[in-house]
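Residue numbers (the working numbering): 2 to 231.
Right, here's the structure in full:
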């Protein structure tokens, strides 16, 4: 029986892509660098994912990926790359200004509160995540929140999960279910940590890297059935 439900935030509970698009467009206006159209947003998202995966593989530091992603993006669209560091700082703050829940996420979390220990596990930056969690009210819903910058390690690294388990006093890993949308961060992290995983895959992406998952769902409502039958 699961007692601890570890929830990823971006892409699982909150619609990160919507917040991302809002923040970039708002800052393009603020910096007077033209309109950021849908094609540019898509390009940035792909660049951003590539850099976060570099972080997951411990190839770059978080500071490096946050700035380099914008340098690459700006270079490709003809924007002055020297503003990348300042732009990123403002972007972290602006990300939290737009909150949109993934369908059913808020209702499910509220229904689980008190029945399970609800834990937020996120690689997002401290500035962005603390604001998003506060403005969304999720800081009052989760029993514990672990932002990687505070932990000192990132998902999927074992050190991240060792820290979480130690702080929560978890000794029986069979009582833990990790829920997330990322194969490389959440699902791989769950495998490394030795816990059951639930891959939230609403767009039915193929598991091309062969990461084993315990459950796969395309609708968060599936979580209810999983925890009921275990």
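Just so you know, even glycine gets a beta-carbon here, dropped at the ideal spot from N, CA and C.
Counted within 10 angstroms of its Cβ, other Cβ atoms place residue i as buried (16 or more) or exposed
| i | result |
| --- | --- |
| residue 219 | exposed |
| residue 136 | exposed |
| residue 70 | buried |
| residue 149 | buried |
| residue 153 | exposed |
| residue 229 | exposed |
| residue 189 | buried |
| residue 157 | buried |
| residue 208 | exposed |
| residue 160 | exposed |
| residue 187 | buried |
| residue 155 | buried |
Cβ-based neighbour list, residue i, same chain, cut-off 6 Å, excluding 5 preceding and 5 following
| i | result |
| --- | --- |
| residue 165 | 147 |
| residue 26 | 37 |
| residue 195 | 174 |
| residue 191 | 179 and 198 |
CB-CB length for residue i against residue j, believed under 8 Å
| i | j | result |
| --- | --- | --- |
| residue 66 | residue 56 | 5 Å |
| residue 162 | residue 181 | 12 Å between Cβ atoms; not a contact. |
| residue 125 | residue 10 | 6 Å |
| residue 105 | residue 222 | 5 Å |
| residue 216 | residue 227 | 6 Å |
Residues near residue i by beta carbon distance below 7 Å, same chain, minus five either side
| i | result |
| --- | --- |
| residue 82 | 72, 75 and 76 |
| residue 42 | 22 and 25 |
| residue 113 | 6 and 119 |
| residue 130 | 10, 123 and 148 |
DSSP three-state assignment for residue i, whether helix, strand or coil
| i | result |
| --- | --- |
| residue 7 | strand |
| residue 223 | helix |
| residue 181 | strand |
| residue 197 | strand |
| residue 78 | helix |
| residue 68 | helix |
| residue 218 | strand |
Own chain residues within Cβ distance below 8 Å of residue i, not counting five before or after
| i | result |
| --- | --- |
| residue 28 | 88, 91, 92 and 95 |
| residue 133 | 10, 15, 20, 96, 97, 100, 125 and 139 |
Self-check item: 4 or more residues per run - each alpha helix (DSSP H) lying fully within the segment 20-60
Solution: For the segment 20-60, whole alpha helix (DSSP H) runs of length 4 or above, ordered along the chain, are 39-57.
Exercise. Run through the segment 95-130 for me and flag every whole alpha helix (DSSP H) of 4 or more residues, listed as ranges in chain order.
Key: 106-113
Quiz item: Going along the chain, which unbroken runs of the alpha helix (DSSP H) with 4 or more residues stay wholly within the segment 138-176?
Solution: 139-142, 149-152 and 159-169
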